[in-house]
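The block underneath contains the structure these notes are about, expressed in C-alpha cells.
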Amino acid sequence: MDDIHARHAKERRDLASQITSLKKQASKKTRKSVNQRCADMERDLAERHRKELGEGDDDGDEEVDMAAILLAQMEASEKKESKTSGETSVESKDEIQGETCGETKDETDNTPTGQPKQKRNRQKERLARRQAEIDRIKAEAAAEAENAVDYRGIEAEAMNSLCKRQNLSVFEINPDGHCLFASISDQLETRLGKTETVSQLRQAAADYITSHPDDFIPFLFDETTMSMRDIDDYVKELTTTAMWGSDMEILALANVFQVPVEVHQAGADTLTFGDQFAADAETSLKIAYFKHSYGLGEHYNSLRDIA
Numbered sequence: 001m002d003d004i005h006a007r008h009a010k011e012r013r014d015l016a017s018q019i020t021s022l023k024k025q026a027s028k029k030t031r032k033s034v035n036q037r038c039a040d041m042e043r044d045l046a047e048r049h050r051k052e053l054g055e056g057d058d059d060g061d062e063e064v065d066m067a068a069i070l071l072a073q074m075e076a077s078e079k080k081e082s083k084t085s086g087e088t089s090v091e092s093k094d095e096i097q098g099e100t101c102g103e104t105k106d107e108t109d110n111t112p113t114g115q116p117k118q119k120r121n122r123q124k125e126r127l128a129r130r131q132a133e134i135d136r137i138k139a140e141a142a143a144e145a146e147n148a149v150d151y152r153g154i155e156a157e158a159m160n161s162l163c164k165r166q167n168l169s170v171f172e173i174n175p176d177g178h179c180l181f182a183s184i185s186d187q188l189e190t191r192l193g194k195t196e197t198v199s200q201l202r203q204a205a206a207d208y209i210t211s212h213p214d215d216f217i218p219f220l221f222d223e224t225t226m227s228m229r230d231i232d233d234y235v236k237e238l239t240t241t242a243m244w245g246s247d248m249e250i251l252a253l254a255n256v257f258q259v260p261v262e263v264h265q266a267g268a269d270t271l272t273f274g275d276q277f278a279a280d281a282e283t284s285l286k287i288a289y290f291k292h293s294y295g296l297g298e299h300y301n302s303l304r305d306i307a
C-alpha cells in the first residue's frame with residue numbers, strides 16, 4: 001500500500017507539471033478548451049487513484065472469483081488437515097480413543113441396546129461450511145453493490161433533465177470510434193443542410209490542424225510518453241484509423257465551418273468551441289458528451305431540437 005501511495009504522489013506531481021506546461025502554451029483562442037481538458041485530466045487521475053485504493057465498484061465476476069478462491073483455500077486447508085490427522089484413513093490413536101470413549105458413554109446412556117451408532121458425515125459437514133462461507137461473501141458483495149454509486153444512472157438522469165430544459169432530444173450515434181465525427185455530420189445536416197461524411201470530416205479537421213499547428217500544440221502532449229506528439233503522425237492516424245475524436249478535432253471543425261459547436265455534458269457547464277462565430281452563424285451545432293453511459297468509455301451523441 002505504501003508503494004501505491006508513493007506512486008500516486010508522483011503521478012499527481014507529474015500531472016501538475018504537465019498542466020502548468022499546457023496552460024503556458026495555450027493561446028487566447030484555446031485557453032477555455034485547454035482549461036477544460038486539464039480539469040478532465042485531474043478528475044480522471046483522481047478517479048483512477050480511488051479505484052486503485054479499493055474504493056471502486058465490485059462487479060459480479062469479482063464476486064465469483066472471491067468465492068472460487070475461498071473454496072480452493074478451504075479445500076487445500078482440509079486436505080492438509082486430513083493428511084496430518086489421518087482423517088480419511090487412519091486417525092491418531094489418542095483421537096480414536098477419545099472419540100470412542102466419549103461416544104460410547106453417550107450411546108450407553110442414550111441409545112437403546114442393539115441400535116447402531118450414527119457416524120458423522122465429515123464430507124457433508126465440510127461442504128456445508130464451504131457453502132456457508134461462499135453465501136456470506138456473496139451477501140457482502142451484494143450489499144456493497146447496492147450501496148455503490150450508480151454513475152451511469154446519475155449521468156442519464158442529469159442529461160435527460162438538461163435536454164428537457166433546452167427542448168432537445170438525444171440522437172443515438174453508433175459507439176465505434178467515429179462517434180464525434182458522426183455526431184458533427186448529423187448536426188451539419190439537420191441544422192445547416194450540409195452533407196459531410198465521417199471521412200470527409202476527418203480529412204477537413206486534419207487539414208486545418210496541419211495549417212494551424214500553433215493552435216494545437218497544447219493538445220499534442222502525450223500523457224503516456226510524457227512528450228509532444230509529432231503533428232504529421234497525429235493527422236495520419238486521424239485520417240487513416242478509427243481514432244477517437246476529441247476537443248482538438250471539435251475546435252478544428254468549428255473553424256472549418258465557422259460555426260460554434262456546443263458540447264453538453266451532465267453535471268458540467270456547456271463547453272463552446274468557435275464562439276467567435278456566434279454573431280454571424282445561423283445556429284450552433286449541439287452534441288452531447290457521455291463519460292459513464294457506454295461500455296467502451298467516452299462517447300458523443302447528436303442533440304436535435306424537439307419539433
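Letter by letter, the sequence shown follows residues 1 to 307 in UniProt numbering. Backbone N, C-alpha and C define an ideal beta-carbon position, used for all residues, glycine too. On a predicted model such as this, the values are computed, not experimentally measured, just so you know.
Length of the line joining the Cα atoms of A46 and A39: Stepping through the sequence shown from its first residue, residue 46 is reached at position 46. Stepping through the sequence shown from its first residue, residue 39 is reached at position 39. So the alpha carbons of these two residues sit roughly 11 Å apart.
Under the three-state DSSP convention, the category M41 falls into: In the sequence shown, residue 41 corresponds to position 41, counting from 1. Of the three classes helix, strand and coil, the one that applies to M41 here is helix, per DSSP.
For D305: DSSP bridge partner residues: As a working note, residue 305 is residue 305 in the sequence shown. Answer by DSSP bridge pairing, in chain order: L168.
Nearest-angstrom Cα separation, counted from G245 out to F171: As a working mapping, residue 171 is identified with position 171 in the sequence shown. As a working mapping, residue 245 is identified with position 245 in the sequence shown. Straight-line Cα distance between these residues: approximately 18 Å.
C-beta neighbour in chain B for E140, strict 8 Å: No chain B is present in this structure, which holds just one protein chain.
Which residues DSSP lists as bridging L285, in chain order: As a working mapping, residue 285 is identified with position 285 in the sequence shown. Paired residue(s): V261.
Three-state class that DSSP yields for T30 in the structure shown: Taking the first residue of the sequence shown as 1, we reach residue 30 at position 30. T30: coil per DSSP, three-state reduction.
Beta-carbon proximity of Q187 to L285, cut-off 8 Å: Walking along the sequence shown from the start, residue 187 turns up at place 187. Walking along the sequence shown from the start, residue 285 turns up at place 285. Taking 8 Å as the Cβ cut-off, Q187 and L285 qualify as a contacting pair.
Helix, strand or coil at M228 [DSSP, three-state]: In the sequence shown, counting from the first residue as 1, residue 228 sits at position 228. Strand.
Opening and closing residue of the alpha helix (DSSP H) in which T210 lies: The residue you call residue 210 lines up with position 210 of the sequence shown. Here the alpha helix (DSSP H) through T210 covers V198 to S211.
Segment limits, alpha helix (DSSP H) that includes L180: Walking along the sequence shown from the start, residue 180 turns up at place 180. Residues C179 to Q187.
DSSP beta-bridge partners of D240: Here residue 240 corresponds to residue number 240 of the sequence shown, with the count starting at 1. Before going on, a small fix: residue 240 reads as Thr here, not Asp. In the DSSP output, where bridge partners are listed per residue, T240 has none listed.
T272: first and last residue of the uninterrupted beta strand (DSSP E) it sits in: The residue given as residue 272 occupies position 272 in the sequence shown. It spans L271 to F273 - the beta strand (DSSP E) in which T272 sits, taken as one unbroken run.
Between the CA atoms of Y300 and S185 - distance to the nearest angstrom: Here the question's residue 185 lines up with position 185 in the sequence shown. Here the question's residue 300 lines up with position 300 in the sequence shown. Roughly 12 Å separates the two Cα atoms.
Residues of its chain near L220, where Cβ-Cβ distance is below 6 Å and the 5 sequence neighbours each way are ignored: Counting from one through the sequence shown, the residue named residue 220 turns up at place 220. Cβ within range, chain order: M228 and R229.
Beta-carbon proximity of L168 to I306, cut-off 8 Å: In the sequence shown, the residue the question calls residue 168 occupies position 168. In the sequence shown, the residue the question calls residue 306 occupies position 306. Contact flag set, yes.
In DSSP terms, what H299 is bridged to: For the purposes of this step, residue 299 is identified with residue 299 of the sequence shown, where counting begins at 1. Per DSSP, F290.
Local Cβ density within 10 Å of S183, reported as buried at 16 or more and exposed below that: Taking the first residue of the sequence shown as position 1, residue 183 is located at position 183. The residue in question, S183, is buried, as its Cβ has 16 or more Cβ neighbours within 10 Å.
Cutoff 6 Å; reference A16; Cβ partners in own chain excluding five residues on either side: Reading the sequence shown from its first residue, position 16 is the one you call residue 16. Once the five neighbours on either side are set aside, A16 has no close Cβ partner at all.
CB of F277 within 8 Å of CB of E155, strictly: By 1-based counting over the sequence shown, the position of residue 277 is 277. By 1-based counting over the sequence shown, the position of residue 155 is 155. For F277 and E155, no; Cβs fall outside 8 Å.
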